[in-house]
Amino acid sequence: MSEPSDNNNESNINTILFKNVEIPNLEQFKNLQQQQQPYQQQQKHYRPPYQQQHQKYNPYGNRDTSYNPYRKEEGRDSLRQQQQLHFIKKQNELVSSHYDNKQNTPIHIRAQSKIISLKNINNWVKSMLIQEYTKPNTKVFDICGGKLGDLQKWIKAQIKSLIVSDISLESLKHGLERYNQNLNYIPFDMTMIAVDCFSSKLLDVFPKQPKKLGNKPKKTNQEDLSESEEEEEEDDDDDDDDENDELLKVDLVSCQFALHYSFRTEESARSLLKNVSSVLEDGGHFIGTIPNSCLIVKKLRESKSNKFGNEVFKIEFKEKEPKFSAFGCAYNFFLEDAIDFLEEYLVHIDVLTELARDYRLELVSHSNFHDLIYEKSKSKSSHDLLRKMNCFNSNNTISQAEWEALGIYKTFVFKKIGENNNSNNIKVDQVNKDHKAKSLSNEDIIVNL
Ligand SMILES: C[S@@+](CC[C@H](N)C(=O)[O-])C[C@H]1O[C@@H](n2cnc3c(N)ncnc32)[C@H](O)[C@@H]1O
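Residue 1 is where the sequence shown starts when you use UniProt numbering, and the numbers rise one by one after that.
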């Protein structure tokens, strides 16, 4: 196999990337998308419950009507609350213990993994997203950031500060180790939070804005007395917004390979989106990667049983014909060397898009990994990075099984829209190259589990 020439063209990239693999070129992708259309149209007709509730659906004006199991309720609601909390606790324990038990694999062992190309290409896709949407000297929130697998990408992006949260305290500890080991190269400070990110507990402990003097003018006694009941009610309504005003605002939120866990219920999906929106500046982006539900459904329908996959990944539904509900459509997922039949939930991109609008998050783009790899690798620098990140095996290609596994993922990008629909609060300063990161200990992790 020859090395790629400097003036890469499409076919050259294809031959290098996909030798011995059935090349899914753009034409094939289009066919595939057409085959998926009946399913996507079916999704369009689905009217999620939140839309039925709101006769006048105002994408940017809705108050959050989501049920919050952490808020104290009375009577019958209290029983519902207890059941819900029990369910959340059990599911969270399953997920966190799965990730808690994963050890940090030394680099030389990692390099021997059967799916090393797949892992590296996953990382390359994340790099593409991060490079495109991260401006130097900005604040970033890596939600469900696990063992800080994206640390090098944040270093390269020259960010100003990083907040990482995850439900797995052990994963965060591994991440902290990695951070301390790279201290000399890290130009930013970091905050770590162990918490269920699909709950309101995240905002309870999220860093606050540095206090600005004279921010809120105090009311005079006279003004207090003349306040009408109506005004008081409005004040009550604004409580949430006031709390959010105090939260530190970040310029980018990144949620990699994790948002699908929140789709177990509408409440947890809403909580995640509310959290993201509450801490994101107007004009900031919310980027991430999730399983591609259209492709998963297509593959399930093609399969003779309730499961499909290959030697590197397996997806198993409870039934052959599950109800493709908007939330809680569960399947067990196995990924060689990574995930051992953990329950995940389909994320229908249309449902995610509708839901996100309630939190002023507008879909900018989404793409399946195959399309993205094909498109991005047309650029020389991106293609060079593929090679630099060791995305190919010794034959300079990747195995059919890994390529198939890559196809089950997609990327998404949302943008937070300001109240008046056009504001953009992102400010970019000069990068402070002299900034020295501080070493952290496990006690520095904020724990709210
Ligand atoms: C596949 S890992 C991805 C980690 C990291 N984002 C990355 O790309 O390397 C999924 C992560 O989601 C985290 N997670 C799952 N449910 C969560 C929840 N409710 N709150 C916070 N983190 C959660 C897991 O602990 C795990 O670290």
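For every residue, glycine included, the Cβ atom is placed at its ideal position computed from N, Cα and C.
Would a C-beta distance cut-off of 8 angstroms place Met-128 and Val-164 closer than the cut-off? no
For Phe-206 and Asn-101, the rounded distance between their alpha carbons: 26 angstroms
Short of 7 angstroms in beta carbon distance, which residues of its chain neighbour Arg-360, apart from the five on each side in sequence? Order them along the chain. Tyr-60, Ser-277, Lys-416 and Ile-417
Using only the heavy atoms of ligand 1, determine whether one of them is closer than 7 angstroms to the beta carbon of Phe-198. yes
Under three-state DSSP, which class holds Ile-163? In the three-state DSSP reduction, Ile-163 falls in the strand class (E or B).
Is Val-125 a contact residue of ligand 1, with contact defined as CB to any heavy atom under 7 angstroms? no
Whose CA, out of Ala-338, Glu-177, Glu-362 and Glu-344, lies closest to the CA of Thr-265? Glu-344
Chain C within 8 angstroms of Val-253, Cβ atoms only: Considering every chain present, this structure includes no chain C. It has just one protein chain.
Label Phe-369 either buried or exposed according to how many other C-beta atoms from any shown protein chain fall within 10 Å of its C-beta, with 16 as the threshold for buried. buried
With burial defined as no fewer than 16 other Cβ atoms inside 10 Å of the residue's Cβ, what is the status of Ala-269: buried or exposed? buried
Sequence-distant residues of the same chain with beta carbon closer than 7 angstroms to Lys-89, five excluded per side: none
Would you report the Cα separation of Gly-149 and Gly-407, rounded to the nearest angstrom? 21 angstroms
Which residue comes first and which comes last in the alpha helix (DSSP H) that contains Asn-123? 116-133
How big is the Cα-Cα spacing for Asn-310 and Ala-401? 6 angstroms
Would you mind working out which of Ile-445, Ser-441 and Leu-272 sits nearest Gln-181, comparing C-alpha positions? Distances from the CA of Gln-181 to each of Ile-445, Ser-441 and Leu-272 were compared; the closest alpha carbon is that of Ser-441.
Hey, Leu-363 and Thr-353 are a contact pair by Cβ (cut 8 angstroms); roughly how many whole angstroms apart? 5 angstroms
Contact set for Phe-412: own chain, Cβ-Cβ below 6 angstroms, skip 5 residues either direction: Excluding residues within five positions, the ones whose Cβ falls inside 6 angstroms are Gly-288 and His-366.
Rounded straight-line distance, which links the Cα of Lys-139 to that of Leu-252: 7 angstroms
Is there at least one non-hydrogen atom of ligand 1 closer than 7 angstroms to the beta-carbon of Ala-258? yes
Is the Cβ-Cβ distance between Ser-271 and Ser-168 less than 8 angstroms? no
Residues in the same chain with beta-carbon distance under 6 angstroms from His-174, minus the five sequence neighbours each way, listed in chain order, please. Contacts found: Asn-104 and Lys-147.
Measure the C-alpha to C-alpha separation of Lys-438 and Asn-448 and round it to an integer number of angstroms. Distance between the alpha carbons of Lys-438 and Asn-448: 23 angstroms.
Ligand 1 and residue 480: does the residue's C-beta get closer than 7 angstroms to at least one heavy atom of that ligand? With the chain covering only 1 through 449, there is no way to say anything about residue 480.
What's the gap between the Cα of Asp-358 and the Cα of Gly-283? Straight-line measurement puts the Cα of Gly-283 at about 16 angstroms from the Cα of Asp-358.
Do Asn-448 and ligand 1 come close, with the Cβ less than 7 angstroms from some heavy atom? Outside the cutoff, so no.
Mind listing, in chain order, the continuous beta strand (DSSP E) runs of no fewer than 3 residues lying wholly within the segment 139-206? 139-143, 161-166 and 189-195
Hey, Leu-273 and Lys-249 are a contact pair by Cβ (cut 8 angstroms); roughly how many whole angstroms apart? About 16 angstroms; that fails the 8 angstroms criterion.
When every heavy atom of ligand 1 is checked, does at least one fall within less than 7 angstroms of the C-beta of Asp-340? no
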